[in-house]
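>
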DNA sequence: CTGTTAGCGCCTTCAC
DNA sequence: GTGAAGGCGCTAACAG
C-alpha cells in the first residue's frame with residue numbers, strides 16, 4: 001500500500017479501536033493509556049503513517065503557517081530576513097510560506113490571495129516598489145489576519161512594523177563621510193514614495209545641516225533599485241559642473257553598479273560611498289575598501305517581526321496592540337579603509 | 346460577516362442555487378450558463394469570497410505545490426536557484442514551499458516530513474553537508490512523490506538531477522590559473538563526501554595533469570563551508586614550506602574568508618583565486634579584481650530542475666524517465682584583472 | 001479512558 | 001445545465 005494513503009482509520013481498523021483514539025494518541029493527548037498510545041505509535045511508524053495536514057488544518061481552521069511577502073528573495077537583505085523569520089517561526093512551531101512580489105503591485109496582490117487561500121495565520125510583508133495603495137492589506141485586516149511590515153513599511157494607521165532606524169542610518173552614513181573630510185556629498189536615493197528612502201534622505205539632510213554644508217538639489221539622484229540606475233547616476237554625476245567627492249547611497253544595488261561604473265572609467269576611489277543595506281559579512285570582506293556600510297540586520301529584523309506577529313496571533317482577533325519596533329543599524333567600516341586612502345593621496 | 350468565512354454554501358443560499366453549481370462556476374466549468382456564472386462570480390466578489398485551498402486540495406488530493414529543500418536560503422546560489430524555481434513554478438501554476446536544512450541531516454529529514462504532511466506534489470532538493478544516507482528520500486519514492494536534486498545531488502540510482510558540470514568547472518578554473526602563469530596551485534575543497542566537491546577536485550587534478558604539474562597532497566584543504574575554514578586554510582597554507590602562488594577554491598565561503606585573511610595579513614593579491622559558486626553580478630562587480638569565478642547559474646539550474654520535476658508529476662506515478670541534466674558554468678574574469686596584476690608585478 | 005457522531009469546505013460522481 | 005449525496009482525513013464535542 002502506498003504509505004501516503006495510510007490514514008488513522010487504517011490504523012484503527014488493524015488495531016480494532018476507533019479512529020478518534022488513534023487521533024488522540026498521535027496528538028499525544030493525555031486521555032489515552034500509555035500502553036495503547038505505544039501500540040498505536042508503533043503501528044503508525046510501521047505503516048509509514050504521515051498525518052495529512054490539509055485535513056487537520058481544515059478541521060482545526062488553523063494552519064500554524066505564516067505567510068511572508070518580499071520583493072525579491074535573492075536580495076541579500078531579504079534572504080537574511082527570511083532566515084531570521086524561519087528560525088523564529090520554527091522555534092514557535094510555525095511553518096513559513098514565502099512569496100516574491102518581484103517589485104510588482106499586481107504580484108503582491110496575488111501573493112496575498114494565495115496566502116489567504118492557504119489560510120495562513122498571519123502575514124509578514126515588505127512592500128514592493130510599486131505599492132502606493134494599501135487596500136490589499138486592508139483585506140487582511142477585514143479577515144482578522146494579523147500582519148506585520150518589516151523594513152519596507154508604509155504609513156497606514158494601526159499597523160505594526162519592525163524597521164531599521166532609517167533616519168539615523170542616513171545621518172550616520174553621511175556624517176561618516178563628512179568626518180572623512182568630504183565636503184560635496186551626493187545622495188543616491190530609492191523610489192520616492194518608499195518611507196525608508198524618505199527617512200534616509202532626511203537623515204542625509206540633517207547631517208549636512210549639522211555640519212553647515214549646503215544642501216544642493218542637483219546632487220540628489222533617484223533610482224528604481226536597478227543596476228542601470230547606478231551607472232546612469234554616476235554618469236550624470238560626473239557630468240555635473242560641481243565636483244563631488246563623496247556619495248551616500250541609500251540602496252545597495254545602485255551603489256554596487258555605481259562602483260562598477262567608476263572602476264570602468266578608471267576612477268579608482270576618488271569617491272567614497274556610504275551605503276545602507278549591506279550586511280553580508282562575506283561581501284563586506286572583499287568589497288572595495290572605500291565602501292563603508294550601515295549594517296541593516298536582516299536576520300534580527302526578521303526575528304523580531306516574527307515574534308511580534310506570533311504574539312498578535314496568540315492574543316487573537318481584535319485586541320492586540322500595534323507596535324512599531326525600530327532597530328538601530330551600525331556602521332561597518334572597512335579595516336583597511338584608512339590605508340587605502342593614504343595610498344591614494 | 347468575516348469574509349474569510351464566506352463559503353460556496355453562503356453564495357449558493359443567497360442566490361437560491363446549489364453549492365455544487367457555485368463550485369462549478371467558480372472553477373469555470375463549461376457546464377454552467379454564462380449568465381449564472383456571471384451572477385455567481387459577481388456575488389463572490391461582493392462578499393469577498395476566497396476559496397479555501399485546504400478543503401479544495403484535500404478533496405482533490407492534489408496541492409499544486411512543490412516543496413524545496415536547500416541548506417541555507419541566504420547563500421546566494423540557493424536564493425537565486427529559488428528565484429528560478431519560483432518563476433518556473435509560477436508559470437506552470439504551482440506554488441512553492443521552501444525549507445532550510447541549515448546543513449543538518451535531522452532538519453532535512455524533518456523538512457521532508459513537513460512537506461509530506463502538506464502533501465506537496467513534488468520535491469526539489471539540494472542536500473545538506475551532513476547527508477550521507479538517503480533513506481529519507483527513499484521515503485518520498487515509496488510514496489510516489491517525484492523528486493529532483495539540484496546542485497548538491499547524490500549518487501543513488503534512478504534519481505533525477507540538474508547540476509553544474511562540476512568536473513569541467515574545476516578544470517576550467519584551475520587551467521585558468523595555470524594560464525595566468527601560476528605553477529603551485531592549492532585547492533580549497535568542501536565536505537569530502539559531497540559529489541560536487543569530489544568532481545571539482547577531479548577537475549583540478551585533471552587540469553594539473555594536462556599541464557604536467559605535479560599533484561601535491563599537502564596543497565589540498567578541506568572545509569565545512571564555514572568562514573573560519575578559509576582563515577585556517579590560509580594560515581596553514583602560509584606556513585607550508587612550499588610557496589603557493591594560486592588557489593582554486595571550490596567553495597565561495599572559504600574563498601571569501603581566505604581573501605579577507607590575506608588582506609588582514611597585508612598580503613595583497615600575491616595569490617589568485619579561482620572560485621566556483623559566485624554568480625551575483627553585483628558581487629562580482631566589486632569583488633577583488635584578482636578573483637576569477639566560474640558562474641554557477643543558480644537561476645537556470647532552478648528553472649530546469651522545476652521543469653523536470655513538473656514533467657515528472659504530470660506523467661504520473663511510475664513511468665517517468667530519470668534524467669540527469671548537466672549545465673555548463675562559464676568563466677567570469679574580472680575586466681580589470683590584468684591591470685591589477687601589472688600594478689603588482 | 002474510549003467510542004459515537006458530526007462536520008471543517010470543497011469537488012465530483014450520479015441522477016434528472 | 002443544475003441538484004442531491006457523499007466523502008477527502010481529521011478533530012472535537014458529547015456520551016458512556
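Residue numbers (this note's numbering), protein chains in the order written: chain C, 1 to 345; chain A, 346 to 690.
No residue lacks a Cβ here, since even glycine has one placed at the ideal position from N, Cα and C.
Being a predicted model, the structure only gives us computed values, none of them experimental.
#1: Going by the CB atoms, is the gap between residue 464 of chain A and residue 54 of chain C shorter than 7 angstroms?
#2: In this structure, how does DSSP classify residue 159 of chain C when only helix, strand and coil are distinguished?
#3: If you follow the beta strand (DSSP E) that residue 246 of chain C is part of, which residue opens it and which one closes it?
#4: Quick check: is the beta carbon of residue 286 of chain C nearer than 7 angstroms to any beta carbon in chain A?
#5: When DSSP labels each residue in this structure, what does residue 680 of chain A get in the three-state scheme?
#6: Please determine, among C/139, C/58, C/151 and C/26, the residue with the shortest C-alpha to C-alpha distance to residue 393 of chain A.
#7: For residue 596 of chain A, count neighbouring Cβ atoms within 10 angstroms of its own Cβ and tell me buried if that reaches 16, exposed if not.
#8: Have a look at A/523, A/637, A/670 and A/612 and flag the residue whose alpha-carbon is nearest the alpha-carbon of residue 619 of chain A.
#9: Short check: CB of residue 511 of chain A to CB of residue 544 of chain A, under 7 angstroms?
#10: Please name the residue or residues paired with residue 509 of chain A in a DSSP beta bridge.
#11: Hey, would you say residue 449 of chain A sits closer than 7 angstroms to residue 86 of chain C, going by beta carbons?
#12: Is residue 546 of chain A helix, strand or coil by DSSP?
#13: Considering residue 532 of chain A, what are the terminal residues of the beta strand (DSSP E) in which it resides?
#14: In this structure, does DSSP put residue 559 of chain A in helix, strand or coil?
#15: Pairing CB atoms from the segment 211-219 of chain C with CB atoms from the segment 159-173 of chain C, are three or more of them under 8 angstroms?
#16: Just to confirm my understanding: we take residue 5 of chain C, look at its own chain, exclude 5 residues before and 5 after, and list those with CB closer than 6 angstroms. What are they?
#17: Given residue 204 of chain C, which residues of its chain have a CB within under 7 angstroms of its CB, disregarding the five upstream and five downstream residues?
#18: Using three-state DSSP, classify residue 398 of chain A as helix, strand or coil.
#19: Excluding five sequence neighbours on each side, which residues of the same chain lie with their C-beta closer than 6 angstroms to the C-beta of residue 45 of chain C?
#20: Are the beta-carbon atoms belonging to residue 42 of chain C and residue 32 of chain C less than 7 angstroms from one another?
#21: For a cutoff of 7 angstroms on Cβ pairs, would you count residue 442 of chain A as touching chain C?
#22: Whole-angstrom Cβ separation of residue 433 of chain A and residue 648 of chain A, contact assumed at under 8 angstroms?
#23: Give a single yes or no on whether residue 266 of chain C has its beta carbon closer than 6 angstroms to a heavy atom of the ligand PLP.
#24: If you compare alpha carbons, which of A/600, A/482 and A/570 is closest to residue 579 of chain A?
#25: Cα-Cα, which of A/498, A/396, A/508 and A/584 is closest to residue 538 of chain A?
#26: Just mark residue 112 of chain C as buried or exposed, buried being the case when its beta carbon has 16 or more other beta carbons within 10 Å.
#27: Take residue 381 of chain A as the anchor and find which of A/403, A/517, A/356 and A/397 has the nearest alpha-carbon.
#28: Would you check if the distance between the CB atom of residue 98 of chain C and the CB atom of residue 68 of chain C is smaller than 7 angstroms?
#29: If you reduce the DSSP assignment to three classes, tell me which class residue 124 of chain C lands in.
#30: So the alpha helix (DSSP H) residue 647 of chain A belongs to, where does it begin and stop?
#31: In the DSSP output, which residue or residues are listed as bridge partners for residue 272 of chain C?
#32: Using 7 angstroms as the limit for Cβ to Cβ distance, is residue 691 of chain A near chain C?
#33: Kindly indicate which three-state DSSP category residue 565 of chain A falls into: helix, strand or coil?
#34: Do you know how far the Cα of residue 591 of chain A is from the Cα of residue 524 of chain A?
#35: For residue 201 of chain C versus residue 184 of chain C, is the C-beta spacing smaller than 7 angstroms?
#36: Along the chain, which unbroken stretches of the beta strand (DSSP E) at least 3 residues long are found entirely within the segment 54-128 of chain C?
According to the structure shown:
#1: Counting from one through the first chain, the residue named residue 54 of chain C turns up at place 54. Counting from one through the second chain, the residue named residue 464 of chain A turns up at place 119. Result yes, Cβ atoms of residue 54 of chain C and residue 464 of chain A sit closer than 7 angstroms.
#2: In the first chain, counting from the first residue as 1, residue 159 of chain C sits at position 159. Correct three-state label for residue 159 of chain C: coil.
#3: Against the first chain, residue 246 of chain C aligns to sequence position 246. Residue 246 of chain C -> beta strand (DSSP E) spans 246-249.
#4: Residue 286 of chain C sits at position 286 when you count from the first residue of the first chain. Model confidence at residue 286 of chain C stands at a pLDDT of 44, short of 50, so the residue's coordinates are unreliable; what they give is reported in the following sentence. It does: the Cβ of residue 286 of chain C has a partner Cβ on chain A nearer than 7 angstroms.
#5: Within the second chain, numbered from 1, the residue matching residue 680 of chain A stands at position 335. Note that residue 680 of chain A scores 46 on pLDDT, short of 50, meaning its location in the model is unreliable; the coordinates nonetheless yield the value given after this. Note: residue 680 of chain A maps to coil in three-state DSSP.
#6: Stepping through the second chain from its first residue, residue 393 of chain A is reached at position 48. The option with the nearest alpha carbon to residue 393 of chain A is C/139.
#7: Residue 596 of chain A sits at position 251 when you count from the first residue of the second chain. Buried.
#8: As a first step, residue 619 of chain A is located in the second chain; it is residue number 274 there, counting from the start. Selected option, being the one with the closest Cα: A/637.
#9: Along the second chain, one-based indexing puts residue 511 of chain A at 166. Along the second chain, one-based indexing puts residue 544 of chain A at 199. Cβ distance < 7 angstroms, so residue 511 of chain A and residue 544 of chain A count as in contact.
#10: Here the question's residue 509 of chain A lines up with position 164 in the second chain. According to DSSP, which records beta bridges pairwise, residue 509 of chain A is partnered with A/672.
#11: If you number the second chain from 1, residue 449 of chain A lands on position 104. If you number the first chain from 1, residue 86 of chain C lands on position 86. Cβ atoms of residue 449 of chain A and residue 86 of chain C: not closer than 7 angstroms.
#12: One-based indexing of the second chain puts residue 546 of chain A at position 201. In the structure shown, residue 546 of chain A sits in a helix (DSSP, three-state: H, G or I).
#13: For the purposes of this step, residue 532 of chain A is identified with residue 187 of the second chain, where counting begins at 1. 530-533 is the span of the beta strand (DSSP E), which, as asked, contains residue 532 of chain A.
#14: Your numbering for residue 559 of chain A matches position 214 in the second chain. Here residue 559 of chain A sits in coil by DSSP.
#15: no
#16: Mapped onto the first chain, residue 5 of chain C falls at position 5. So the list is empty, once near-sequence residues are dropped.
#17: On the first chain, residue 204 of chain C is found 204 positions in, with the first residue counted as 1. The answer, listed in chain order, is 170, 174, 187 and 248.
#18: Walking along the second chain from the start, residue 398 of chain A turns up at place 53. Residue 398 of chain A falls in the helix class under three-state DSSP.
#19: Working through the first chain from its first residue, we reach residue 45 of chain C at position 45. Within the same chain, residue 45 of chain C has no close Cβ partners at all.
#20: Mapped onto the first chain, residue 42 of chain C falls at position 42. Mapped onto the first chain, residue 32 of chain C falls at position 32. No, they are not a contact pair.
#21: Mapped onto the second chain, residue 442 of chain A falls at position 97. Yes, its Cβ sits closer than 7 angstroms to a Cβ of chain C.
#22: One-based indexing of the second chain puts residue 433 of chain A at position 88. One-based indexing of the second chain puts residue 648 of chain A at position 303. That pair is a contact at about 5 angstroms.
#23: No copy of the ligand PLP appears in this structure; indeed no ligand is present at all.
#24: If you number the second chain from 1, residue 579 of chain A lands on position 234. It is A/600 whose Cα lies nearest to the Cα of residue 579 of chain A.
#25: For the purposes of this step, residue 538 of chain A is taken as the residue at position 193 of the second chain. Here the closest residue by C-alpha is A/498.
#26: To locate residue 112 of chain C, count along the first chain from 1; it is residue 112. It is buried - the Cβ of residue 112 of chain C has at least 16 other Cβ atoms within 10 Å.
#27: Numbered from 1 along the second chain, position 36 holds the residue referred to as residue 381 of chain A. The shortest C-alpha separation from residue 381 of chain A is found at A/356.
#28: In the first chain, counting from the first residue as 1, residue 98 of chain C sits at position 98. In the first chain, counting from the first residue as 1, residue 68 of chain C sits at position 68. Yes, Cβ-Cβ distance for residue 98 of chain C and residue 68 of chain C is below 7 angstroms.
#29: Residue 124 of chain C sits at position 124 when you count from the first residue of the first chain. Reduced to three states, the DSSP call for residue 124 of chain C is strand.
#30: Position 302 of the second chain holds residue 647 of chain A. Its alpha helix (DSSP H) spans residues 643-660.
#31: Within the first chain, numbered from 1, the residue matching residue 272 of chain C stands at position 272. Beta-bridge pairing links residue 272 of chain C to C/246.
#32: The first residue shown for chain A is 346 and the last is 690, placing residue 691 of chain A beyond what the model contains.
#33: On the second chain, position 220 is the one that residue 565 of chain A refers to. In the structure shown, residue 565 of chain A sits in a strand (DSSP, three-state: E or B).
#34: As a first step, residue 524 of chain A must be located in the second chain, where it is residue number 179. As a first step, residue 591 of chain A must be located in the second chain, where it is residue number 246. Roughly 11 angstroms between the two C-alpha positions.
#35: Taking the first chain and counting its residues from 1, one reaches residue 201 of chain C at position 201. Taking the first chain and counting its residues from 1, one reaches residue 184 of chain C at position 184. No, they are not a contact pair.
#36: 65-70, 95-100 and 122-125
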